[in-house]
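Peer 1: Submitted below is the structure of interest, expressed as structure tokens.
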Amino acid sequence: MESNDFWKHNELFKRAMAIGNTDEARHELYQMTQLYSTMIDNDLTGNKAILHAALNLDKVIVDFNMAYFVPFAMRLADTDWEGTRRGGRVIPSIGQRITNRLMSNIQNRSDTYIKAIMPFFRKALQINPSNKDNLRHLAQLYVRVAMKSQAILIYKRLLQHHNDSYLFAELAELMPTLQARTALYAQAVVHQSKEHFNTNNRYHLAQLLQLTEPTRAAYEITKCIAAREKANEPISSDVSRIARLLAEFTPVTDDNQQTFYERQARIANAIINENE
């Protein structure tokens, strides 16, 4: 009987989500968690249903408490950590998706939160020790606990095998010198193919260049503003301030800035491969 009630609430959860009623969906998920302890779930399908429901709510509810579901996540089978290939790309496993959500914004989480999710993150690292996302999460965790040198080593290792824009940007924020930060942010710009997502990289690069190479800084801030305007996004006060400071400088040409990026790439590569 309890099992039937559990699956009835699971169906009600899906219906509530389909019509956007997140309050009702949250109530149904709560009912599922209360009924779970009273049912037999040898194949763990009920456990997985709870986790899928929690992931769905986490997408639409700000500050949803995914950490509450760590005990359920710890029960995942080995097969639940295997990604699937679809349309030429790998879809992350439910285990990896939960890991990514739990570790999101880890630098700003409380000690209590970190303590709650660490058993699951340790399991994720044990199962997928070379996974790009897991290594990135580990680096961010090192930043959180003031072990910046360890984080830098992990980012360098990642960038020896991957060229994701966000990895360059995150490493840039950890580097002690203007030259290193400039080179890495330049690569963050180059490796972001979607200009809409490049505005923050260009803003930071303009900040770094505004005193030493203002015409290049003017180029970056002009590109940043153009992308925000094209996307109908507001121009932040910080961006406007730099634009005003650089208004008297003529931006360099595209070709000139491309040469600059290529020069910075050599510096970035040297940084990434040093001490290897």
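Quick note: the sequence shown uses numbering that gives the first Met the number 0, first residue 0, plus one each step.
Positions of the beta carbon are idealized from the N, C-alpha and C atoms, including for glycine.
For clarity, every value in this text was computed on a predicted model and none was experimentally measured.
#1: Using the Cα positions of Lys131 and Lys114, report the straight-line distance between them to the nearest angstrom.
#2: Taking 8 angstroms as the cut-off, decide whether the C-beta atoms of Ile263 and Ala185 are in contact.
#3: Relative to the C-alpha of Arg96, which residue among Thr111, Gly87, Lys47, Arg143 is closest?
#4: Mind checking which residues open and close the beta strand (DSSP E) that includes Val89?
#5: Hey, Ala53 and Phe12: beta-carbon distance below 8 angstroms or not?
#6: Tell me whether Met0 sits in a helix, a strand or coil according to DSSP, three-state version.
#7: Expressed to the nearest angstrom, what Euclidean distance is found between the alpha-carbon atoms of Met0 and Ser36?
#8: Using DSSP bridges, identify the partner residues of Arg14.
#9: In angstroms, rounded to a whole number, what distance separates the CA positions of Leu134 and Ile153?
#10: Cutting at 6 angstroms between CB atoms, please list the residues of its own chain near Met117, excluding the five before and the five after it.
#11: So, at 6 angstroms on beta carbons, what are the nonlocal neighbours of Glu219 in its own chain, with the 5 sequence-adjacent residues on each side left out?
#12: Skipping 5 residues on each side, what residues in its chain have a beta carbon closer than 7 angstroms to that of Ala72?
#13: Output the boundary residues of the beta strand (DSSP E) element that contains Thr83.
#14: Starting from the N-terminal side, write out each stretch of the alpha helix (DSSP H) that is 4 residues or longer and does not extend beyond the segment 127 to 205.
#15: So Ala168 and Ala187 are supposed to be a Cβ contact under 8 angstroms. How far apart are they, rounded?
#16: Assign Glu27 to one of two classes, buried (16 or more other C-beta atoms within 10 Å of its C-beta) or exposed (fewer than that).
#17: If we ignore side chains and look at the alpha-carbon of each, how far apart do Ile60 and Met31 end up?
#18: What does the alpha-carbon distance come out to for the pair Val69 and Ala145?
#19: Terminal residues of the continuous alpha helix (DSSP H) containing Ala242?
#20: Beta carbon of Met38, beta carbon of Ser2: below 8 angstroms?
#21: Note down, in chain order, each residue of its chain lying with its Cβ closer than 6 angstroms to the Cβ of Leu183, except the 5 sequence neighbours on either side.
#22: Which same chain residues, not among the five before or five after Ile105, have their C-beta less than 8 angstroms away from its C-beta?
#23: Hey, Arg243 and Leu207: beta-carbon distance below 8 angstroms or not?
#24: Considering just the uninterrupted stretch of the alpha helix (DSSP H) at Tyr57, what are its terminal residues?
#25: Count the other CB atoms, across all protein chains shown, that sit within 10 Å of the CB of Lys222; report buried if there are 16 or more and exposed otherwise.
#26: For Val89, count the other beta carbons within 10 Å of its own beta carbon; 16 or more makes it buried, fewer makes it exposed. Which is it?
#27: Could you pull the start and end residues of the alpha helix (DSSP H) that Pro70 belongs to?
#28: Using CA atoms only, rank isn't needed, just tell me which of Trp80, Ile224, Gln256 is closest to Ala246.
#29: How big is the Cα-Cα spacing for His327 and Met174?
Peer 2: In brief:
#1: 22 angstroms
#2: According to the sequence shown, residue 263 is Gln rather than Ile. A contact, by the Cβ cut-off of 8 angstroms.
#3: Ranked by how close their Cα comes to the Cα of Arg96, the residues Thr111, Gly87, Lys47, Arg143 have Lys47 in first place.
#4: Val89 -> beta strand (DSSP E) spans 88 to 90.
#5: 8 angstroms or more divides the Cβ of Ala53 from the Cβ of Phe12.
#6: With a pLDDT of only 45 at Met0, under 50, the local geometry of the prediction cannot be trusted, and no value is derived from it.
#7: The pLDDT assigned to Met0 is 45, lower than 50, so where the model puts this residue is not dependable; a value taken from the coordinates is nonetheless given after this. Their backbone Cα atoms lie some 13 angstroms apart in a straight line.
#8: According to DSSP, which records beta bridges pairwise, Arg14 is partnered with nothing at all.
#9: 7 angstroms
#10: none
#11: Arg201, Leu204, Ala205
#12: If the five residues before and after Ala72 are omitted, its C-beta is found closer than 7 angstroms to the C-beta atoms of Leu50, Ile97, Phe119, all from its own chain and listed in chain order.
#13: In the DSSP assignment, Thr83 falls within the unbroken beta strand (DSSP E) covering 83 to 85.
#14: 131 to 143, 147 to 158, 164 to 171, 177 to 189
#15: 4 angstroms
#16: buried
#17: 18 angstroms
#18: 25 angstroms
#19: 236 to 244
#20: yes
#21: Phe167, Leu170, Ala171, Ala267
#22: Ile113, His136, Gln139, Leu140, Arg143
#23: no
#24: Just to set this straight, residue 57 is Asp in the shown sequence, not Tyr. Here the alpha helix (DSSP H) through Asp57 covers 44 to 59.
#25: buried
#26: Answer is exposed; the Cβ neighbour count stays below 16.
#27: 69 to 72
#28: Ile224
#29: Within the shown structure, residues of the chain are numbered from 0 to 275, placing residue 327 beyond reach of any answer.
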